[in-house]
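Chains as they are written, first to last, in the working numbering: chain A, 211 to 699; chain B, 402 to 905. For every residue, glycine included, the Cβ atom is placed at its ideal position computed from N, Cα and C. Fair warning: this is a prediction, and the values are worked out from it, not measured in the lab. Read the structure below first, then the notes.
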């Protein structure tokens with residue numbers, strides 16, 4: 211207790227420190243060094259630089275863990291670095307990077323290109339850091355709120371757009387509600403365990419009867435809070451509106467980053483410390499998963515706005531990922547990780563294509579705006595095809611292996627009826643994804659529209675996501691090894 | 402070279418696509434030419450396969466084995482036996498002819514069109530040579546996407562409806578099959594402690610009948626939709642009718658065979674107890690016979706030329722599945738030969754429809770009449786295609802149908818009696834179609850000036866006609882090549898059935 215800030219603490223916290231530092235520095239640089247709007251591209255470079263630094267810091271942690279094994283805790287066990295958290299950190303890193311790359315031109319077109327935007331992206335990522343690495347309730351909660359508050363701002367970033375304001379308000383109200391639920395659950399867990407450390411809570415859960423009403427209540431409220439964040443039904447109502455109103459790049463950030471971070475926490479909580487109380491939380495997650503798959507898929511069929519459609523598709527994917535947690539065996543957890551990884555790339559990619567469709571005076575958010583994309587810009591058309599086929603879960607794309615692993619774990623653990631339900635709804639999802647594919651490839655533009663808003667960064671982002679979606683489908687082995695590494699202690 | 406022959410066959414079309422992607426869109430002739438070259442190369446590299454295939458050897462040949470996803474026990478394991486070899490040849494030949502026949506027919510977005518055909522070619526070959534169940538599944542699903550586009554982009558007026566219906570039906574069946582595959586995978590792990598999808602390994606499993614039945618029905622959903630068996634056939638008439646000519650040809654000649662091939666390669670050898678289970682055999686044979694008769698009746702009533710051919714497929718594929726579930730040498734060998742025959746004759750019939758459709762842009766049978774006067778060569782080709790489909794002796798259809806009926810008769814005389822009715826009705830709807838369109842006076846003014854077959858059309862039909870005649874006159878090589886693999890399947894199914902009976 212004597213040393214306040216040890217070298218280990220520093221080593222563990224360094225990536226978050228760097229991200230926060232670069233984030234805050236971006237805010238300052240915005241009006242000190244680059245006051246001219248034309249210079250804002252340098253701030254994007256700043257983000258890239260920050261991510262590189264953070265990436266190096268993560269790499270050193272990974273290197274350390276590989277040679278020394280196990281895990282690294284800091285601040286008296288409040289933070290933890292293990293392969294599991296590093297897996298998620300790399301997802302957050304890629305997400306923030308690609309979101310940054312696809313934002314530049316998009317925000318310019320929407321005439322809301324401000325420097326603080328990039329700073330906020332990195333601050334949100336800092337919040338995500340604590341969700342994956344936090345090992346103590348208060349730390350986790352602060353991380354969650356850091357992320358959430360940044361997102362409230364980012365969702366409403368289009369100040370002159372009514373829908374963006376509406377989305378931000380809805381997200382703020384419902385997000386606040388869910389945070390309340392979570393705080394309540396956390397406080398109950400604390401009350402039961404007498405400690406905020408996850409390790410102590412694990413001991414508490416193991417010693418208590420699964421049908422203990424207070425434990426049930428604590429688990430229930432915690433689960434509800436997190437189900438809100440991952441936009442699982444029936445707590446999904448905010449998602450379509452928030453997704454639709456937010457700037458498209460932020461929609462992608464919300465759909466991928468926020469969801470992956472919340473899953474990182476949910477998975478760690480449910481399988482780790484609260485694993486002993488599985489009987490209590492399993493029915494909740496089963497219900498949420500089944501409802502998400504059904505509602506997500508059926509509602510997506512009727513959408514005409516692409517962003518809303520992808521919001522419902524995100525709800526549906528959340529359902530599939532939840533099923534991996536329900537299965538709960540190593541295959542299932544690996545499945546959750548692989549699914550999230552694939553989901554990151556394909557969803558980011560799909561949204562990146564959408565940002566290119568937004569042009570001056572043309573929102574580009576209707577399904578019809580995709581019409582004739584293949585003819586207009588074959589590269590974007592093919593990329594969109596890859597992402598949509600992957601979202602639908604068809605080989606040889608990564609989406610197939612995500613779904614495959616979920617089915618695998620369900621069959622392995624004998625959840626046959628869930629497996630059949632999940633499998634049948636794949637066919638439903640194909641219906642609406644192929645509506646988009648049809649627009650891209652079959653339908654033709656009714657009238658001439660201006661050229662797509664592209665940029666070098668966007669193309670790089672599309673390249674990364676497109677190639678990774680294909681690689682994950684054709685040679686998933688290295689990523690399966692990583693996932694295996696992440697769940698082994 | 403020899404040891405990687407199958408990989409070369411598999412990836413040649415894909416290689417063609419890679420180059421095709423970089424050809425300029427505006428150079429239409431170049432794009433067409435390159436697509437034809439790629440397809441022809443795909444055909445050429447497959448010739449050494451049939452030449453060097455040893456029909457007296459047991460088991461798989463030209464085996465290539467590589468780890469693909471070792472942490473899940475998935476291998477890149479390909480190989481061929483007599484059944485696969487015939488299917489691969491059917492695929493490369495029909496694939497080339499389909500692409501060749503599109504030269505004049507497709508004038509819109511050629512680049513994508515040919516790319517889709519070539520990708521599909523790789524997928525179909527992959528299905529027939531995969532000896533790892535997951536690899537098989539990946540190719541199985543991969544085939545769906547190009548076909549969706551072929552129907553959806555270059556199809557007829559209701560193309561989008563037909564395309565998505567095709568996709569959804571097959572996909573829904575496919576995912577159920579996947580669950581069956583995964584069940585097998587875990588049963589195998591439970592018994593041996595090793596994760597693998599290798600078919601030869603999965604065949605060693607000893608599964609109780611109850612579990613086999615469940616897995617059988619899961620597989621059944623995947624395969625029966627693809628074949629298609631009654632009552633899962635409803636996607637077929639739509640897809641066939643709306644698809645462009647070459648698409649229909651591939652769909653009928655190769656894609657449907659993936660379903661029957663699946664029964665032969667997976668359901669029977671992996672689940673012998675379920676496959677010889679009395680209830681299952683009865684259900685499957687009954688569905689086949691319903692398919693045969695229903696397809697024939699509906700064909701009789703069609704006003705649309707192409708739809709008639711489509712429904713005739715339902716009927717003919719009914720014979721194939723009936724042959725499989727006769728579970729004897731004649732039935733199964735006949736079924737495989739009939740699958741090839743159906744590829745040839747129905748492929749020809751679709752091409753015949755395509756020829757006239759290109760000239761008149763209608764498929765209404767009532768629009769035509771007396772075409773034999775205007776297009777005598779065309780009438781001859783159509784006559785051969787029609788007679789081969791109807792099963793006239795000395796043409797290929799006869800060999801297949803006869804052998805299947807022989808097998809069915811051995812298994813159950815009632816089945817044979819009903820199936821024979823199908824042959825009769827088959828002759829009826831085809832002859833009547835011929836009579837209405839070809840014979841008599843020219844009834845429609847518009848048909849008077851139609852040009853006869855050009856050289857390119859001849860070049861497509863001629864090999865098919867020769868092939869049809871060669872099988873009809875001398876089918877022995879086909880029976881020879883099928884002898885071993887079919888005997889193996891029959892042995893496997895009956896051996897388990899007999900041991901079961903002995904235990905009782």
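Original post:
For residue 604(A), which residues in chain B fall below 8 Å Cβ to Cβ?
Top reply: Those are 542, 543, 545, 546, 572, listed as they occur along chain B.
Subject >> Cβ pair count under 8 Å reaching 3, the segment 446-465 of chain B against the segment 473-492 of chain B >> reply: yes
Original post:
Helix, strand or coil: how does DSSP classify residue 407(A) here?
Top reply: strand
**OP:** Can you check DSSP and say which residues form a bridge with residue 467(B)?
**Re:** 477(B)
**OP:** Please name the residue, chosen from 572(B), 521(B), 845(B), 634(B), that lies closest to residue 775(B) on a Cα-to-Cα basis.
**Re:** Among 572(B), 521(B), 845(B), 634(B), the Cα nearest to that of residue 775(B) is on 845(B).
**OP:** Please work out which residues of its chain come closer than 7 Å, Cβ to Cβ, to residue 684(A), disregarding the five sequence neighbours upstream and downstream, and give them in chain order.
**Re:** 606
Original post:
From residue 702(B) to residue 615(B), what distance separates their C-alpha atoms?
Top reply: 38 Å
Subject >> Chain-order list of residues whose beta-carbon lies under 6 Å from that of residue 731(B) (same chain, five-residue window excluded) >> reply: 804, 807, 808
Subject >> Terminal residues of the alpha helix (DSSP H) in which residue 805(B) lies >> reply: 797-812
**OP:** List the residues of chain A whose Cβ lies closer than 9 Å to the Cβ of residue 553(B), in chain order.
**Re:** Residues of chain A passing the Cβ test: 644, 647, 648, 651, 652.
Original post:
Is residue 345(A) closer than 8 Å to residue 289(A) when the C-beta atoms are compared?
Top reply: yes
Subject >> Min CB distance residue 471(B) to chain A below 8 Å >> reply: Chain A contact via Cβ: present.
Original post:
Apart from the five residues just before and just after residue 676(B), which ones in its own chain have a Cβ nearer than 6 Å to its Cβ?
Top reply: 668, 669, 894
Original post:
When the Cβ atoms of the segment 671-680 of chain A are set against those of the segment 592-600 of chain A, are three or more pairs found closer than 8 Å?
Top reply: yes
Original post:
Which residues in chain B sit within 9 Å of residue 641(A), going by Cβ to Cβ distance?
Top reply: Neighbours of residue 641(A) on chain B, chain order: 565, 568, 569.
**OP:** Would you identify the three-state DSSP class for residue 554(A), choosing helix, strand or coil?
**Re:** helix
**OP:** Please name the residue or residues paired with residue 346(A) in a DSSP beta bridge.
**Re:** 407(A)
**OP:** List the endpoints of the continuous beta strand (DSSP E) containing residue 283(A).
**Re:** 282-284
Original post:
Among the residues of its own chain, which have a CB less than 6 Å from the CB of residue 292(A), if the five just before and after it don't count?
Top reply: 281
Subject >> Contacting residues, own chain, Cβ-Cβ under 7 Å from residue 424(A) (five flanking each side not counted) >> reply: 398, 402
Original post:
Would a check of beta-carbon distances place residue 406(B) closer than 8 Å to chain A?
Top reply: Not closer than 8 Å to any Cβ of chain A, the Cβ of residue 406(B) fails to qualify, so no.
**OP:** Taking only beta-carbon positions, decide if residue 511(A) is within less than 8 Å of chain B.
**Re:** Chain B contact via Cβ: absent.
Original post:
For residue 801(B), which residues of its own chain have a beta-carbon under 6 Å away from its beta-carbon, when the five flanking residues on both sides are left out?
Top reply: 735, 738, 739, 742
Subject >> Beta-carbon contacts of residue 450(B) that lie in its chain and below 8 Å, excluding the five residues immediately before and after >> reply: 406, 407, 410, 463, 481, 486, 489, 490
Original post:
Are any of the Cβ atoms in chain A nearer than 8 Å to that of residue 576(B)?
Top reply: yes
Subject >> Under 7 Å by beta carbon: chain E residues contacting residue 539(B) >> reply: Here the protein chains are A and B, and chain E is not one of them.
**OP:** Throw me the rounded Cβ distance for the residue 667(A) and residue 311(A) pair, which I believe falls under 8 Å.
**Re:** 4 Å
Original post:
In whole angstroms, what separates the C-alpha of residue 631(A) from that of residue 410(A)?
Top reply: 37 Å
**OP:** Quick one: which residues of the segment 611-625 of chain A get their C-beta closer than 7 Å to a C-beta of chain B? List them in chain order.
**Re:** Answer in chain order: 617, 618, 621, 622.
Subject >> Chain-ordered chain B contacts of residue 630(A) [CB-CB under 8 Å] >> reply: Think of a sphere of 8 Å around the beta carbon of residue 630(A): the chain B residues whose beta carbon falls inside it are 577, 580, in chain order.
Subject >> Alpha carbon of residue 211(A) to alpha carbon of residue 405(A), nearest angstrom >> reply: Here the model assigns residue 211(A) a pLDDT of 49, short of 50, so the residue's position is not dependable, and the following value carries that caveat. Their backbone Cα atoms lie some 17 Å apart in a straight line.
Subject >> Within chain A, the residues that residue 561(B) reaches when beta carbons sit closer than 7 Å >> reply: 648, 652
Original post:
When burial is assigned at 16 or more other CB atoms within 10 Å of the CB, is residue 790(B) buried or exposed?
Top reply: The residue is buried, with at least 16 neighbouring Cβ atoms inside 10 Å.
**OP:** Would you mind listing the alpha helix (DSSP H) stretches within the segment 538-624 of chain B that are 4+ residues and don't spill past its ends, in chain order?
**Re:** 545-555, 560-593, 600-603
Original post:
So, are the CB atoms of residue 533(A) and residue 487(A) less than 8 Å apart?
Top reply: Cβ atoms of residue 533(A) and residue 487(A): not closer than 8 Å.
Subject >> C-alpha distance - residue 449(A) paired with residue 522(B), whole-angstrom precision >> reply: 42 Å
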